[in-house]
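Everything below concerns the one structure shown next.
2 protein chains.
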Amino acid sequence: MPTILVTNDDGVYSSGIRAIRQSVDGLGNVTVAAPSMQKSGVGRSVSVFEPLRLSEIKLETFDAYAVAGTPADSVILAIFVILDRLPDLCVSGFNIGENISTDTVTTSGTIGAALESASYGIPTIAASIQVTDQGDKFDDHRHYEYDFDLGIDLVRRISKHALKRGFPDGVDVLNVNIPRNATPDTRVEITRLSRKIFKTAVSERHDPRGRPYYWIDGDLVQDDEAGTDVHALVRGYVSITPLTLDSTVGLDQLTTWAIPESLVAAVETMLG
Amino acid sequence: MPTILVTNDDGVYSSGIRAIRQSVDGLGNVTVAAPSMQKSGVGRSVSVFEPLRLSEIKLETFDAYAVAGTPADSVILAIFVILDRLPDLCVSGFNIGENISTDTVTTSGTIGAALESASYGIPTIAASIQVTDQGDKFDDHRHYEYDFDLGIDLVRRISKHALKRGFPDGVDVLNVNIPRNATPDTRVEITRLSRKIFKTAVSERHDPRGRPYYWIDGDLVQDDEAGTDVHALVRGYVSITPLTLDSTVGLDQLTTWAIPESLVAAVETMLG
Chain A
329 MPTILVTNDD GVYSSGIRAI RQSVDGLGNV TVAAPSMQKS GVGRSVSVFE
379 PLRLSEIKLE TFDAYAVAGT PADSVILAIF VILDRLPDLC VSGFNIGENI
429 STDTVTTSGT IGAALESASY GIPTIAASIQ VTDQGDKFDD HRHYEYDFDL
479 GIDLVRRISK HALKRGFPDG VDVLNVNIPR NATPDTRVEI TRLSRKIFKT
529 AVSERHDPRG RPYYWIDGDL VQDDEAGTDV HALVRGYVSI TPLTLDSTVG
579 LDQLTTWAIP ESLVAAVETM LG
Chain B
329 MPTILVTNDD GVYSSGIRAI RQSVDGLGNV TVAAPSMQKS GVGRSVSVFE
379 PLRLSEIKLE TFDAYAVAGT PADSVILAIF VILDRLPDLC VSGFNIGENI
429 STDTVTTSGT IGAALESASY GIPTIAASIQ VTDQGDKFDD HRHYEYDFDL
479 GIDLVRRISK HALKRGFPDG VDVLNVNIPR NATPDTRVEI TRLSRKIFKT
529 AVSERHDPRG RPYYWIDGDL VQDDEAGTDV HALVRGYVSI TPLTLDSTVG
579 LDQLTTWAIP ESLVAAVETM LG
């Protein structure tokens, strides 16, 4: 029986993790380990200054582990304490809120957990459900209004495939985003990351003593070039983006740059 | 005069940020904005649940802004509150401790700040100094024993170049790592990211009531293939790795994978 790890960033008590657990139910020995509370926006943060607590908890239909840390911490404790082996597959989600564009891939805890898992060579699926109201991301009650059926089916099919054949060479994470009102007829697109999703802004408030403080805020980019995840999701399509951990720029691109003299020798050596 | 932003993840009071500020001294209007305390390992985390405070502080030779948040928060407040414009260049560092391999690129606050800056199209240099003792990363007194001279000179030369011509197409961040005992004769290599730097481990302790808690720990990978940043630094060379924000896997690689039937149509469309 394969070993399957289930995690997320909305926390172990979220409706999304219950749903994604159903995706892999019966496909192997399933372990659920996730943050004890919502940890959105922390990317692949790893706790290096604080020790971590790990609690076994009993949910309605399954047992799980709550980690008082980040999503990546949860993956590390799952692998090195709970399982003491590498799982054959990891699924991270369902995040309530789409994870699209380079902005979210580098800041999302859902993706952060997936990157941590993938760094050990484990085929990993990150899956998120689009919200129509950004406030829904942070309202646990409204999370229960979401319909996960299509997502469950899709992640189940990809999971079965990955358990049988692994991922293609070079693919570390499959990042799946499911539009809010998806049906079995919803089109699926393989996409590339959009460059941006947030039009970042900061709003200033004042405390009762008149001193300023700041909230990071910002609207969403509403569209982008064809072929991107933003373009697909905005049109109501499922978006699947294959991600790599290796963000090195292809060396051939460097030849377009006039290299500072001091670096010429090194670059020549490198380019052979 | 160009506008230059200086940031880091070791905190605004660190010796490393004073040194990297020297790199860009005189090249433009320089603003220093960084976390008010050490924020290592938080990647590109952005504070979405907490508001942020911003303080103007006076250091020995320059003024700076301390942000009670993450490195990426510091960049956002610098751009949207302090400067109210996009800087022409951003430098993040000097981190005390090498930032090499996909492991650190996705978890380092130094790189996290750089990715945030680069996401607005700003040419951004992340720079780190190798430590010989991992404990040095967290010992502020020992930070002052480091010799930044070679790093200062190297980042200054790259900064001048970037201000004149920008970065090559596709390059978002130049990730510079300087070996501990570098001299002007030290070889410079353009590298790709190593896959891993940490051999992750977890150590268990027990509190006075006998209950377990866990520390994430782990040795460093001591070598890797030629061409990687780890390989270069281990040999005492300066490593410069060009990074992209776009971690999409090249679509051509996907053809090596038998795609689940349900996805075939979408993939065919995409591959034209």
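Going down the list, the protein sequences come from chains A and B.
Going letter by letter, the first sequence gives residues 329 to 600 in the numbering used here.
Going letter by letter, the second sequence gives residues 329 to 600 in the numbering used here.
Backbone N, C-alpha and C fix where the C-beta goes; we use that ideal spot for every residue, glycine too.
Predicted model, so just to flag it, every value in this text is computed and none were measured.
- Burial check for H534 (chain B): the Cβ neighbour count within 10 Å stays below 16, so the residue is exposed.
- For N427 (chain A), DSSP assigns no beta-bridge partner whatsoever.
- Contact of D574 (chain A) with chain B is assigned, a C-beta pair being separated by under 7 angstroms.
- Exposed is the label assigned to I385 (chain A), since fewer than 16 other Cβ atoms lie within 10 Å of its Cβ.
- Counting along the chain, P399 (chain A) sits inside the alpha helix (DSSP H) bounded by residues 399-405.
- Annotated three-state conformation of D464 (chain A) is helix, per DSSP.
- The Cβ of L414 (chain B) sits no closer than 7 angstroms to any Cβ of chain A.
- Counting along the chain, K386 (chain B) sits inside the beta strand (DSSP E) bounded by residues 382-386.
- Here the alpha carbons of Y393 (chain B) and V340 (chain B) stand approximately 8 angstroms from one another.
- Bounds of any alpha helix (DSSP H) do not take in T511 (chain B), whose DSSP letter is neither H nor E.
- Less than 7 angstroms divides the Cβ of T519 (chain B) from the Cβ of D557 (chain B).
- In the DSSP annotation of this structure, the continuous segment of the beta strand (DSSP E) that includes T359 (chain B) starts and ends at 357-363.
- For L521 (chain A), the nearest CB of chain B lies under 7 angstroms from its own CB, placing it at the interface with that chain.
- At the C-beta level, A362 (chain B) and T335 (chain B) come within 7 angstroms of one another.
- At a Cβ-Cβ threshold of 7 angstroms, I450 (chain B) and F422 (chain B) do not count as neighbours.
- Separation of the CB atoms of A446 (chain B) and L573 (chain B) is rounded to 6 angstroms, and the pair is thereby assigned contact status at 8 angstroms.
- Spanning the alpha carbons of E426 (chain B) and V352 (chain A) requires a straight line of approximately 39 angstroms.
- Within the same chain, Cβ atoms closer than 6 angstroms to the Cβ of S383 (chain A) are found at A394, the five residues on either side in sequence being excluded.
- Judged by their CB atoms, P399 (chain B) and A454 (chain B) are not nearer to each other than the 7 angstroms cut-off.
- With respect to D500 (chain B), G437 (chain B) sits apart: the two C-beta atoms are not nearer than 7 angstroms.
- About 25 angstroms separates the CB atoms of D401 (chain A) and S429 (chain A); that is not less than 8 angstroms, and the two are not in contact.
- Residue nearest to V358 (chain B) within the set B:V370, B:T389, B:G371, B:V566 is B:T389 (criterion: CA-CA distance).
- The C-alpha of K367 (chain A) lies about 18 angstroms from the C-alpha of I544 (chain B).
- In the displayed model, R346 (chain A) falls within a helix according to three-state DSSP.
- Counting C-beta atoms within 10 angstroms of its own C-beta, T576 (chain A) has 16 or more neighbours from the protein chains shown and is therefore classed as buried.
- Collapsing the DSSP output to three states places E553 (chain A) in coil.
- With contacts defined as CB atoms closer than 7 angstroms, L380 (chain B) and G397 (chain B) qualify as a contacting pair.
- The Cβ atoms of V566 (chain B) and V516 (chain B) lie closer than 7 angstroms to each other.
- Ranked by Cα distance from F526 (chain A), the first of A:Y542, A:R537, A:G546, A:G344 is A:G546.
- Relative to K524 (chain A), the option among A:I480, A:Q550, A:V360 whose CA is nearest is A:Q550.
- Interface criterion not met: the Cβ of G344 (chain B) is under 7 angstroms from no Cβ in chain A.
- Residues of the same chain with a CB within less than 6 angstroms of the CB of L333 (chain B), apart from the 5 flanking positions on each side, are T359, A406, P415, C418 in chain order.
- Rounded to the nearest whole angstrom, the CA to CA distance from G356 (chain B) to K488 (chain B) is 10 angstroms.
- Taking 7 angstroms as the cut-off, the beta carbon of V504 (chain A) is found closer than this to the beta carbon of I568 (chain A).
- Residue state for I439 (chain A) is assigned as helix, using DSSP reduced to three classes.
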